[in-house]
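As numbered in my numbering, residues 1 to 158 make up the sequence shown, in order. Glycine residues also receive a C-beta, built at the ideal position from the N, C-alpha and C atoms. Because the structure is a prediction, the values reported are computed rather than measured.
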Amino acid sequence: MAFMIAGGLTLVYLNSQERITKKTKIIAGDFLPSEKDASKMNESQLARSAQSAVNKSKFQMIINPEINANQKTAYSDMYIENPANNAYPIAVTINLDSGMTIYSSGAIKPGYEVKNAKLDKVLKVGHYTGKANFKLYNAKTSKAQGQVSTAVKIVVQD
Numbered sequence: 001m002a003f004m005i006a007g008g009l010t011l012v013y014l015n016s017q018e019r020i021t022k023k024t025k026i027i028a029g030d031f032l033p034s035e036k037d038a039s040k041m042n043e044s045q046l047a048r049s050a051q052s053a054v055n056k057s058k059f060q061m062i063i064n065p066e067i068n069a070n071q072k073t074a075y076s077d078m079y080i081e082n083p084a085n086n087a088y089p090i091a092v093t094i095n096l097d098s099g100m101t102i103y104s105s106g107a108i109k110p111g112y113e114v115k116n117a118k119l120d121k122v123l124k125v126g127h128y129t130g131k132a133n134f135k136l137y138n139a140k141t142s143k144a145q146g147q148v149s150t151a152v153k154i155v156v157q158d
């Protein structure tokens, strides 16, 4: 009887070792389904798609980098353009190097421009330096998408 128990235990041990050393493949997760209705785009469609992506990411800023303003009236020869080929509406603020904001444009849609704007602050006669900050907005959500800046000079005259 002891011989039979020993033989049975040996058989159980060998079977468990065989199961441990066998490699088991485990397949889990979601897999890409088989193709059904999709077809390859032709060269013309691929080119249009690529150009559309480029157009949506393109931005051109146009501003007169030297702004002349009248000290008494605060009107200037400022020129800001949001070209029609831009993908984003913009808002422009002009800040002096001191941090003072002297102009805010409000929304400027693609194809619109600002000419001869009045400064929001009256400045003393003199030369100033600052930055024009262009903030880009998503036309559908009105949420800010990014911004770019450029240096400007402001000359205030009598």
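Three or more Cβ pairs closer than 8 Å define a contact, and the stretch 89-99 meets that threshold against the stretch 131-143. In this chain, the beta strand (DSSP E) harbouring G106 covers 101-108. Looking at the DSSP output, Y137 sits in a beta bridge with A144. The beta carbon of T101 is closer than 8 Å to those of T93, I94, N95, D120, K121 in its chain, skipping five residues each way along the sequence. Under the three-state reduction of DSSP output, Q157 falls in the strand class. In the DSSP annotation of this structure, the continuous segment of the beta strand (DSSP E) that includes V92 starts and ends at 90-96.
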